[in-house]
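Comments concern the structure below.
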Amino acid sequence: MILSAHIVVGSLIGEHIDSPFIVIPISIISHLVMDAIPHWDYTIYQLSTYQEWVKIGADIGTGLLFAFLIIYLLRKHKNRQIDQKNIFKKNVNVLLGIFFAVALDGITLLYMKWNFIPAFITPITKFHQWVHFK
Ligand SMILES: [Zn+2]
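To convert, take the position in the sequence shown, counting from 1, and add 887; that gives our numbering.
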């Protein structure tokens, strides 16, 4: 699944769930569920070309832009008073949701580019690849 889709879903999870301890696992699970759904995807090989970096950058940028717009409109539509402390907590949860919704692909990217992956992550990566729609 393209990163923008994961970013938007992760941001919505963070926006709607108050506890970061629930935002994190739900965001990771959302990634796996979305990857399992048959979908179109672009291919990244070694991240060795400029074009591949542009693709990923555009994908992430688009996702962040849409996430920002959707959350902005949601908050505006709800039109409720949220004090500064709560808005900070909500924003942190949104960022956690985004981060953990794309973390699995980030790990895959680290592996593809630098062949670097901590041993404890290997089963997670294998499970991620197994779940992914082929
Ligand atoms: Zn994935």
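Where is the CB? At the ideal position from N, CA and C, for every residue including glycine.
Span of the alpha helix (DSSP H) around residue i
| i | result |
| --- | --- |
| N973 | 971 to 1001 |
| F908 | 907 to 923 |
| L934 | Note, L934: premise wrong, no alpha helix (DSSP H); not H, not E. |
| T930 | Note, T930: premise wrong, no alpha helix (DSSP H); not H, not E. |
| I1011 | 1009 to 1018 |
| I900 | 890 to 903 |
Residue i to residue j span [Cα, whole Å]
| i | j | result |
| --- | --- | --- |
| A954 | I894 | 7 Å |
| I1008 | I915 | 14 Å |
| S898 | G948 | 14 Å |
| P907 | I985 | 12 Å |
| W1001 | Y959 | 37 Å |
| A988 | I909 | 13 Å |
| L951 | Y929 | 18 Å |
| G944 | P1010 | 27 Å |
| K977 | R962 | 11 Å |
| Q1016 | I957 | 30 Å |
| Y937 | S891 | 19 Å |
| H964 | K972 | 20 Å |
| I913 | A990 | 12 Å |
Nearest-angstrom beta carbon gap, residue j and residue i [assumed within contact, 8 Å]
| i | j | result |
| --- | --- | --- |
| M999 | L919 | With 8 Å as the limit, M999 and L919 do not qualify as a contact, their Cβ atoms being about 19 Å apart. |
| I924 | F1020 | 6 Å |
For the 8 Å Cβ check, are there 3 or more pairs between the stretch 900 to 907 and the stretch 972 to 985? yes
Mind listing which residues have their beta carbon within less than 7 Å of any non-hydrogen atom of ligand 1? Chain order is fine. Applying a distance threshold of 7 Å between residue Cβ atoms and the heavy atoms of ligand 1 selects M888, H918, D922, L991, D992, T995, H1015, H1019, given in chain order.
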